[in-house]
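Peer 1:
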Ligand SMILES: Nc1ncnc2c1ncn2[C@@H]1O[C@H](COP(=O)(O)OP(=O)(O)O)[C@@H](O)[C@H]1O
Ligand SMILES: [Mg+2]
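Residue numbers (our numbering), protein chains in the order written: chain A, 517 to 813; chain B, -19 to 322.
If you want it as structure tokens, here you go:
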């Protein structure tokens, strides 16, 4: 039998430990969420706090879901999330495979590669604005060194801007994926490769049957974190392009911010926020199920 | 099938000399067991033959080809690792089929299937073929690991304590099975263990390793009856060899004798010729009984008749069977003595 501390039951002790967390969660997560749900059914405007709040039913949702602009916006966000994930997985895994070789100076290289990740996204946005500058930017200079495209602007041309934000996000966050892949690679016990060596397996087979299955759970976890973050992407892109030119880099969060704090349509923006929340939540649930399947393999 | 020659091979890890000038020739189709305690260099020796380690000095020749610098895949060996090292994402079937899918072998699917089932049957794991490798007990994993080595017909089989994690019954069963397989296939096997029963029952020849050096290599019978050193005699004695002063039993020892070794089974109790001693502990192990005795302040272990009604704290006469003692000089080397049948 476990001796009770000063007459408190195990259950009471458990409650004492979790109560602060529960209170905090209620105050800063659950309450705002419930409040947002409520506001999304009203015409509340945060810049007119004294006006009477009117219940409008599902009108906010109807208007958002029938708004072409919102759908385009979600498509842009999906484009951004898909390509950043694709590039970051390919580059991150590739770099991890290189660094795993433990060549001379690999520690220094790892640190250097990790640097972008440690900067603030807003700073990265500002910084790349200069790198992308058509006149003085080093990016254009380097690209024109490879192939002469003449004058072009990554951030202000409609065809290029969506790729500009993908390039910058990839530059910043590939190290993150790489780091988790590296952890995955380090978790593969040497004896598996030795066994495969004895069994005279080809290099390709070793990669496909040992390396990849062992790293996949790590990779999927990294992708999940990054995909959620990028679905909510705001600061980096806002600094870099402010959603422009036109609406070409106007991602969901930028749209949301403008609706809520430039046009002060708090009710409608709450409805949009709830829609985005449900979308991410649903997608992640599917992803987590998939991930558990991979892990159980 | 092939023969192996290990030519004065040395392997060091920093300050540790794991294998020290090892000389060993294994004939085609021979079953050689290396016996030694943990840390004596057994695993390293196998890894050197497999090519997973490269020797600092010496040569390794398999089937007439110098493979000292060859990659593992070029040597055509199979290896049962001390830790199971199964492919965790694979089923038992896929684990067993893996070596047969090497680009160097061109087996058809039905051939692979037949072979996998044959080996699985041999090791009693046919009902587990569909299980994931991680869903097995330790003993089952080890059998799959053995199976993975047996599916192929390599030049040489290398086995690193493959039976050590199995329960006694299965171990005894697989001991017989492995011996049978080796005879049937005419396989060249280098097998390492710290278990002298395994060594005695399976080996054509036993090599005893001591800190990376080969102390002696001989047939089980010879190495048991004619150990070159105290170390070898100790390794092959269970319960432990009694090492006593020549004067203790009044044995007539040849010149230069510093220690006399008497096996527990060679201690006699109740013979009038013996000296007086007392029992301090009697361990009844079923098939055998071990008596721990005190004779003139020296502790002696004896194997006694399980039927005997010997009890603890009794005074008995303790002696040594005729021609049984082994005489060792100051360096632990045996002094050749006249022995019956020896
Ligand atoms: N990779 C290694 N690095 C450093 N020392 C090692 C390594 N492998 C083995 N050794 C050392 O070599 C000696 C022999 O080890 P090993 O061959 O594993 O012995 P055994 O298999 O007989 O237990 C031990 O002292 C061990 O610590
Ligand atoms: Mg070992």
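Using N, Cα and C, we set each Cβ at its ideal position, and we do this for glycine too. Just so you know, these numbers come straight off a predicted model, no measurement behind them.
1) Roughly how many whole angstroms lie between the Cα atoms of residue 634(A) and residue -18(B)?
2) Does DSSP put residue 667(A) in a helix, in a strand, or in coil?
3) Note down, in chain order, every chain A residue with its Cβ under 8 angstroms from the Cβ of residue 63(B).
4) If you drop the 5 nearest sequence neighbours on each side, which residues of the same chain put their C-beta closer than 8 angstroms to that of residue 322(B)?
5) Taking the alpha-carbon positions, what's the residue 106(B) to residue 72(B) distance?
6) At a threshold of 7 angstroms, does residue 22(B) count as lining ligand 2 (C-beta to nearest heavy atom)?
7) Strictly under 8 angstroms for the Cβ-Cβ distance: is residue 703(A) near chain B by that measure?
8) Hey, how far is the Cα of residue 619(A) from the Cα of residue 781(A)?
9) Can you tell me the Cβ-Cβ gap for residue 139(B) and residue 129(B), rounded? I've got them flagged as a contact below 8 angstroms.
10) Relative to the alpha-carbon of residue 307(B), which residue among 261(B), 267(B), 33(B) and 225(B) has its alpha-carbon at the smallest distance?
11) Just the chain A side, please: which residues come within less than 8 angstroms of residue 113(B) by C-beta, in chain order?
12) Which ranges does the alpha helix (DSSP H) cover as unbroken runs of at least 4 residues, wholly within the region 662 to 734 of chain A, from first to last along the chain?
13) Would you tell me roughly how many angstroms separate the C-alpha atoms of residue 274(B) and residue 298(B), rounded to the nearest one?
14) Among 628(A), 673(A), 549(A) and 650(A), which has the Cα closest to the Cα of residue 666(A)?
15) Note down, in chain order, all residues in the region 66 to 77 of chain B with a beta-carbon under 7 angstroms from any beta-carbon belonging to chain A.
16) Return the CA-CA distance between residue 757(A) and residue 676(A), expressed in angstroms with no decimal places.
17) Roughly how many angstroms lie between the CA atoms of residue 26(B) and residue 170(B), to the nearest whole one?
18) Which chain A residues are close to residue 82(B), counting only those with a beta carbon under 7 angstroms from its beta carbon?
19) Measure the C-alpha to C-alpha separation of residue 218(B) and residue 243(B) and round it to an integer number of angstroms.
20) With DSSP as the reference, label residue 766(A) as helix, strand or coil.
21) Going by DSSP in three states, residue 243(B) sits in which element: helix, strand or coil?
22) Hey, could you find the ends of the beta strand (DSSP E) residue 316(B) is sitting in?
23) Per DSSP, residue 222(B) forms a beta bridge with which residues?
24) Does the distance from the C-beta atom of residue 11(B) to that of residue 162(B) stay below 8 angstroms?
25) May I have the straight-line CA-CA distance separating residue 592(A) from residue 685(A), to the nearest angstrom?
26) When burial is assigned at 16 or more other CB atoms within 10 Å of the CB, is residue 144(B) buried or exposed?
27) Kindly confirm or deny that the region 733 to 748 of chain A and the region 799 to 810 of chain A touch, where touching means at least three C-beta pairs closer than 8 angstroms.
28) Go ahead and pull the three-state DSSP assignment for residue 572(A).
29) Within 8 angstroms, do at least three Cβ pairs link the region 574 to 584 of chain A to the region 550 to 566 of chain A?
30) Indicate, with yes or no, if ligand 1 has a heavy atom lying under 7 angstroms from the CB of residue 789(A).
31) Start and end of the alpha helix (DSSP H) containing residue 485(A)?
32) What's the call for residue 648(A), buried or exposed, on a 16-neighbour Cβ count within 10 Å?
33) Assuming residue 24(B) contacts residue 33(B) under a Cβ cut-off of 8 angstroms, what Cβ separation, rounded to an integer in Å, is found between them?
34) At what residue ranges does the region 12 to 89 of chain B contain a whole run of the alpha helix (DSSP H), taking only runs of 4 or more?
35) Just checking residue -4(B) against ligand 1 - is the residue's beta carbon closer than 7 angstroms to any of the ligand's heavy atoms?
Peer 2: According to the structure data:
1) 59 angstroms
2) The answer is coil: DSSP assigns residue 667(A) none of H, G, I, E or B.
3) 707
4) With a pLDDT of only 37 at residue 322(B), under 50, the local geometry of the prediction cannot be trusted, and the value read off the model is given with reservation. So the list reads 205, 206 and 303, once near-sequence residues are dropped.
5) So the alpha carbons of these two residues sit roughly 9 angstroms apart.
6) Answer for residue 22(B): yes, Cβ within range of ligand 2.
7) no
8) 56 angstroms
9) 7 angstroms
10) 225(B)
11) Those do not exist, as residue 113(B) stays about 11 angstroms from chain A at its closest Cβ, beyond 8 angstroms.
12) Fully enclosed alpha helix (DSSP H) runs of 4 or longer: 677 to 702, 706 to 714 and 719 to 722.
13) C-alpha separation (whole angstroms): 9 angstroms.
14) 650(A)
15) Within the region 66 to 77 of chain B, the qualifying residues are 67 and 69.
16) 11 angstroms
17) 8 angstroms
18) 715, 716 and 717
19) 8 angstroms
20) coil
21) coil
22) Per DSSP, residue 316(B) belongs to no beta strand (DSSP E) and is neither H nor E.
23) 242(B)
24) yes
25) 15 angstroms
26) exposed
27) yes
28) coil
29) The answer is yes - the region 574 to 584 of chain A touches the region 550 to 566 of chain A, with three or more Cβ pairs under 8 angstroms.
30) no
31) Since the first and last residues shown for chain A are 517 and 813, residue 485(A) lies out of range.
32) buried
33) 6 angstroms
34) 22 to 30, 52 to 55 and 72 to 77
35) yes
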